[in-house]
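Peer 1: Sending over a structure as structure tokens; questions will come in a sec.
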Amino acid sequence: MGTRTSQRTRSRKYNVRESIAGYLFISPWIAGLLIFTVISMGWSLVLSFQNYDLATGASSPAGFENYRLLAEDPNVLGSLGNTFVYALMAVPLDIAFALLLASLLNGVKRGSGFFRLVYYLPKMTPGVATAAVFLLLLNGNSGAINNFLGLFGIAGPQWLSDPVWMKPSIVLMSLWGVGGTTVILLAALQAVPKELYEAAATDGASRRQQFFYITIPMISPTLFFLVIVNTIAALQIFDQAYLLFYRDGNSSVPDAARFYGVYLYQQAFQHFNFGPAAAMAWLLFVIIMVITVVQIRVGNRLVHYEGGDRP
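The opening position of the sequence shown corresponds to residue 1 in the working numbering, with each subsequent residue numbered one higher.
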């Protein structure tokens, strides 16, 4: 009896030491989460109800005045519209292109690791370097894309100055970084049981039928996850638009290139309207929350879960 009790005591002490060690290892992440996320979000919420003067550090209550200003500012609605249009264009194209690449990689027998590395490397490229490359590619007069189209007698558009083509140009730039989505989809494709394809082929199912009736349902949880994550990222677009159109500090670009994140940045760090900028941030937070809840409600009805279990 005494031996068993001492064993339980040693086991309990060991578990406590393991827990302490684990928390010590993740303490930098916890500190970063608290300082840069939780505390920052709380302060921005307080700031959205105040008039804040950066020069003096003084603040005064503003009530809902900052939110009322957002409702009266046409640029807020216009930038939201641009952001929604971009998200509707970018998210389906990103996932479709990544699924195409993942399907090709899934069929590679030799050198698959090399190709996975090649497709993922652009994701690791700094945004400034990527923007510099696409500034050369999308130049309307001497860009590589228009030069290529000229070989076929096609006059390429002014990608970076024509309001019609500004959002498609950013979508093209976003396709450069689909490596992360590709790797996730590749893992999902490789997890599909091969027996399902063998049984379908025995029954005479074509490759197209196998893709739509086996592959898509089996990877639908992954697709569902990617739609939510990519939608959140698309609604927060900032760096691509800023680097392409505002790189020289020019604030007189066409309205078609004014995205919500860029306009929020201008309000906060160019005009120093921190109260309205904080209100814009929380408005975007609420919009993303609502869209995510709708996606979850709709997606749970369409996604195939093994065993019929739903989250």
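Yeah, the Cβ is synthetic: ideal placement off N, Cα and C, and Gly gets one too. In this text, all values refer to a predicted model and were calculated from it rather than measured experimentally.
Determine whether the beta carbon atoms of L223 and I95 lie at a separation below 9 Å.
Peer 2: yes
Peer 1: Is the CB-CB distance between I170 and I237 below 9 Å?
Peer 2: yes
Peer 1: Within 10 Å of its beta-carbon, does Q270 have 16 or more other beta-carbons around it, so buried, or fewer, so exposed?
Peer 2: Counting the other CB atoms within 10 Å of its CB gives Q270 a total below 16, which places it among the exposed residues.
Peer 1: Based on the DSSP secondary-structure assignment, which residues constitute the bridge partners of N51?
Peer 2: S60
Peer 1: Any chance the CB of F285 is under 8 Å from a heavy atom of the ligand NAP?
Peer 2: This structure lacks the ligand NAP, and indeed carries no ligand of any kind.
Peer 1: Might you give, ordered along the chain, the residues of its own chain that have their beta carbon closer than 6 Å to the beta carbon of F245, omitting 5 neighbours on each side?
Peer 2: Excluding sequence neighbours, F245 sits near V253, A257.
Peer 1: For the pair the segment 117-130 and the segment 203-217, tell me if three or more CB-CB distances fall below 8 Å.
Peer 2: no
Peer 1: Report back the beta-carbon spacing between L69 and T182 to the nearest angstrom; my notes put them in contact at under 8 Å.
Peer 2: Wrong, their Cβ atoms sit about 42 Å apart, outside the cutoff.
Peer 1: Give the single residue among A21, S48, V85 whose Cα lies nearest to the Cα of A278.
Peer 2: It is S48.
Peer 1: Determine contact between the segment 75-89 and the segment 156-164, defined as no fewer than three beta-carbon pairs at a distance below 8 Å.
Peer 2: no
Peer 1: What residue range is occupied by the uninterrupted alpha helix (DSSP H) comprising I154?
Peer 2: Unbroken run through I154: none, as it is neither H nor E.
Peer 1: Do the CB positions of A234 and Y86 come within less than 9 Å of each other?
Peer 2: yes
Peer 1: For D73 and Y67, I'd like the C-alpha separation in whole angstroms.
Peer 2: 10 Å
Peer 1: What whole-angstrom Cβ distance do V262 and A281 have, given they're in contact under 8 Å?
Peer 2: The pair is not a contact, with the Cβ atoms about 13 Å apart (cut-off 8 Å).
Peer 1: Please report the distance separating the alpha-carbon of G63 from that of I39.
Peer 2: 21 Å
Peer 1: Assuming L284 contacts Y260 under a Cβ cut-off of 8 Å, what Cβ separation, rounded to an integer in Å, is found between them?
Peer 2: 6 Å
Peer 1: Excluding the 5 residues preceding and the 5 following G180 in the sequence, name in chain order all residues of the same chain whose CB lies nearer than 8 Å to its CB.
Peer 2: In its chain, beyond the 5 residues on either side, Y120, K123 have a beta carbon closer than 8 Å to the beta carbon of G180.
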